[in-house]
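*Asks:*
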Amino acid sequence: MQNDLVVVFGASGFLGRHAVRALAKEGYRIRAVTRRPNLANFLLPAGQVGQIQIVKGNINREEDIAKAVAGAAIVVNCTGVLYGHGKQGFESINCDAPGRIARAALAAGVTSLVHVSALGADTESDSGYARSKGLGERNMREAFPRVTILRPSLVFGPEDSFFNRFAQMARFLPALPLIGGGQTKFQPVYVADVAAAILKAVQDVRTAGRTYQLGGPKTYSFKELLQFILAETGRKRLLLPLPSFIASVMGFVAELPSFLLPIRPVLTVDQVRLLKADNVVQPGAFTLDDLGITPASVESIVPGYLWRFHPKGQFKDQVAISAR
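Residue 26 in full-length UniProt numbering sits at position 26 of the sequence shown, and the numbers go up by one each step.
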């Protein structure tokens, strides 16, 4: 009898919940690993009764990981932090945890391992985030050479922390910051397309050992993305160019409270460093196209959830029609 048990780490997160949904739709049994199971019950309706099991697990604890992967055929790692704090920092979550998961998967006889990293992952990067993602990939490969690594660009979807955050900021601020002049390039990719890539990597043995760079159909500058947000939310705001040096100082000040309290600052010094490099798919890389996936565009998805930030809310379209 074929083992169809998939263990998903970070199952209740932004990407993890979409991965669980995609896997459940294809009939896989899923063990959803999360630190707070009581907050992950929303995952259960994604599958049939008993198809999805929610278990408590901390990826900083090797015994938790070993228990989670026991008896599984496939492991998917969707964990990661863009801002690190304490035991949930870059080193522990982005760098060390992937190695722990890979070693446990190998010991448990797992046949397929999929790791979600990030476009721009680089062990030599000035950014702590990008560097930790690169080291995490290296730790994965050293322990489980046939791991499939997925590197998405900026991921968007109804629960994202980019379009929603800047749309929220535009409600209250007279201006939005163009860090570094706003010329950094992004290739936003829809969260459901990343979930589809995870599913494909699970199903297709030919993906083993490969690294895929995942980007959407179009490249945008940071400025263009902010202009799009303002247009969709009906806000007129100044886009204020902010030199990287000044942004770094602001990030340092914004981070100060987080040294005492577990709160996420609006801007960090590391995020400013991250914005110095473009985040786009490189020529010659394996992409969504190689996985048989046609990516959705920002324009076809994002307006469907940014309407709530418009002054007229869900009635904005009716108002525009009435005006004509």
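Each residue gets a CB set at the ideal place from its N, CA and C atoms; glycine is no exception. Computed from a predicted structure; not experimentally measured.
1. Grab the span of the alpha helix (DSSP H) containing T233 for me, first residue to last.
2. For F245, count the other beta carbons within 10 Å of its own beta carbon; 16 or more makes it buried, fewer makes it exposed. Which is it?
3. For a minimum of 3 consecutive residues, which ranges assigned as the beta strand (DSSP E) are wholly contained in the region 89-132?
4. Quick one: residues in its chain with C-beta nearer than 6 Å to the C-beta of G180, no 5 flanking neighbours on either side, listed in chain order?
5. Does DSSP put L288 in a helix, in a strand, or in coil?
6. Could you compute how far the alpha carbon of D96 sits from the alpha carbon of A68?
7. Helix or strand or just coil, what does DSSP make of P37?
8. Can you give me the C-alpha to C-alpha distance between D64 and N38, rounded to a whole angstrom?
9. Do you know how far the Cα of R171 is from the Cα of G50?
10. Determine the DSSP secondary structure at F144, reduced to helix, strand or coil.
11. With respect to the alpha helix (DSSP H) encompassing V194, which residues constitute its N-terminal and C-terminal limits?
12. May I ask you to report which of helix, strand or coil DSSP gives R29?
13. For the pair the region 228-242 and the region 304-312, tell me if three or more CB-CB distances fall below 8 Å.
14. According to DSSP, is K87 helix, strand or coil?
15. Use the C-beta contact count for V281: other C-beta atoms within 10 angstroms, 16 or more gives buried, fewer gives exposed.
16. Name the DSSP bridge partner or partners of L242?
17. Measuring only the C-alpha atoms, how far is A268 from A296?
*Replies:* Per the coordinate set shown:
1. Along the sequence shown, read from residue 1 onward, the residue named residue 233 stands at position 233. F222 to T233 is the extent of the alpha helix (DSSP H) around T233.
2. By one-based count along the sequence shown, residue 245 stands at place 245. Classification for F245: exposed.
3. 112-116
4. Here residue 180 refers to the residue found at position 180 when the sequence shown is read from its first residue. Result list for G180: S244 and L275, in chain order.
5. Position 288 of the sequence shown, counted from the start, is the residue given in the question as residue 288. Residue state, collapsed to three classes: helix.
6. Along the sequence shown, read from residue 1 onward, the residue named residue 96 stands at position 96. Along the sequence shown, read from residue 1 onward, the residue named residue 68 stands at position 68. In a straight line, the C-alpha of D96 is about 17 Å away from that of A68.
7. Here residue 37 refers to the residue found at position 37 when the sequence shown is read from its first residue. Here P37 sits in helix by DSSP.
8. Counted from its first residue, the sequence shown places residue 64 at position 64. Counted from its first residue, the sequence shown places residue 38 at position 38. Taking the straight line joining both Cα atoms gives about 17 Å.
9. Taking the sequence shown and counting its residues from 1, one reaches residue 50 at position 50. Taking the sequence shown and counting its residues from 1, one reaches residue 171 at position 171. One C-alpha to the other measures close to 43 Å.
10. As a working mapping, residue 144 is identified with position 144 in the sequence shown. F144: coil per DSSP, three-state reduction.
11. Counting from one through the sequence shown, the residue named residue 194 turns up at place 194. Element bounds for V194: V191 to Q203.
12. For the purposes of this step, residue 29 is taken as residue 29 along the sequence shown, with counting starting at 1. Strand, per DSSP.
13. yes
14. One-based indexing of the sequence shown puts residue 87 at position 87. Note: K87 maps to coil in three-state DSSP.
15. In the sequence shown, the residue the question calls residue 281 occupies position 281. The residue in question, V281, is buried, as its Cβ has 16 or more Cβ neighbours within 10 Å.
16. On the sequence shown, position 242 is the one that residue 242 refers to. The partner list for L242 (beta bridge, DSSP) reads I179.
17. Along the sequence shown, one-based indexing puts residue 268 at 268. Along the sequence shown, one-based indexing puts residue 296 at 296. Correcting the residue identity first, residue 268 is Thr in this sequence and not Ala. Those two C-alpha atoms are separated by around 30 Å.
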